[in-house]
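Shown next, in structure tokens, is the structure this report addresses.
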Amino acid sequence: MSATFKVGQRVLVKDGDPPGHIRTPFFLRGKPGVIESIHGEFRNPEELAYGKEGLPKKPLYFVRFLQKDVWPDYRGAAADTVCADIYEHWLDAD
Amino acid sequence: MHDMPGPHDLGGKDFGPIDQRDHERTDWDNRVDAVLKLMLDGRRFRVDELRRAIESLPEKDYMSFSYYQKWLAAIRILIVEKGMLSEDEIATRLAQLREKAAG
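Here the protein sequences line up with chains A and B, keeping their order.
Residues 1 to 94 in our numbering are what the first sequence lists, from first letter to last.
Residues 95 to 197 in our numbering are what the second sequence lists, from first letter to last.
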């Protein structure tokens with residue numbers, strides 16, 4: 001599998017709001033996280049959503065974020081996290 | 095600043111606690127489920143397209159429709175988009191069914 005990022009690596013979710021069907025949650029865009037695990041490679045759902053083939057397949061990561069990195073006014077425990085599935089084309093190395 | 099996401103992208107909005115009770119499926123729900131299965135098995139469209147169509151619903155519909163109402167509204171969008179039926183054909187048939195139900 002041709003995953004660019006390794007488990008434990010720090011990543012930054014790309015920012016912005018491109019048109020179309022997007023699988024990256026709005027509240028995580030522009031936020032730093034860590035690769036928790038790698039799900040595998042899948043056809044790109046952002047293209048499948050418009051009847052295209054979604055190839056080549058894209059690596060899909062399980063990414064962990066600190067809640068305090070996601071919400072500026074977060075009042076819970078400093079170690080609280082939230083995880084999400086993010087496709088590789090939405091990630092940069094941090 | 096960028097635009098706000100669609101109504102489906104809810105992370106961070108305050109809707110209070112999640113209703114975790116099980117929901118009973120109605121016969122109507124099962125019919126919608128069957129229609130979707132026919133569409134997917136017949137390769138009329140993909141489930142990713144269904145999701146995209148659900149996300150394109152107007153916010154008031156997205157927030158008020160049940161799970162299967164969202165499916166049916168999205169199936170209707172895709173049936174028209176793919177040219178299986180026109181909006182006129184659907185409207186005509188709905189009018190016939192309403193008349194029959196009323197009579």
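Here a beta-carbon is modelled for each residue, glycine too, at the ideal position from N, C-alpha and C.
For serine 37 (chain A), the enclosing beta strand (DSSP E) stretches over residues 32–42. Runs of the alpha helix (DSSP H) lying entirely within the stretch 104–175 of chain B and spanning at least 4 residues, in chain order: 121–135, 141–149, 153–158 and 161–175. A direct Cα-Cα distance of roughly 12 Å separates methionine 98 (chain B) from glycine 106 (chain B).
With at least 16 other beta carbons inside 10 angstroms of its own, isoleucine 148 (chain B) counts as buried. Within the stretch 38–80 of chain A, the runs of alpha helix (DSSP H) that reach at least 4 residues and sit entirely inside it are, in chain order, 45–48 and 67–70. In this structure, valine 63 (chain A) places its C-beta atom within 8 Å of the C-beta atom of glutamate 36 (chain A). Annotation: Cβ neighbours of aspartate 142 (chain B) in chain A (cutoff 7 Å, chain order): Pro45, Leu48 and Ala49.
With fewer than three CB-CB distances shorter than 8 Å, the stretch 121–135 of chain B does not count as touching the stretch 40–54 of chain A. Under the DSSP assignment, aspartate 182 (chain B) falls in the alpha helix (DSSP H) whose first and last residues are 181–196. Contact between the stretch 23–40 of chain A and the stretch 117–130 of chain B is absent, with fewer than three C-beta pairs closer than 8 Å. Setting aside the 5 residues that flank it on each side, threonine 81 (chain A) is surrounded in the same chain by Arg64, Phe65, Leu66 and Gln67, each with a C-beta closer than 7 Å to its C-beta; the list follows chain order. Residue contact check for proline 25 (chain A) against chain B: a CB pair falls below 8 Å. The beta carbon of glycine 20 (chain A) sits closer than 8 Å to those of Glu46, Ala49 and Tyr50, all from its chain and outside the five residues before and after it, given in chain order. For aspartate 103 (chain B), the chain A residues whose Cβ falls inside 9 Å of its Cβ are Ile22, Pro25, Phe26 and Phe27, in order along the chain. Following the DSSP letters along the chain, one finds arginine 10 (chain A) inside the beta strand (DSSP E) bounded by residues 10–13. Along the stretch 49–71 of chain A, going in chain order, the ones with a CB nearer than 9 Å to a CB of chain B are Ala49, Tyr50, Gly51, Gly54, Val70 and Trp71.
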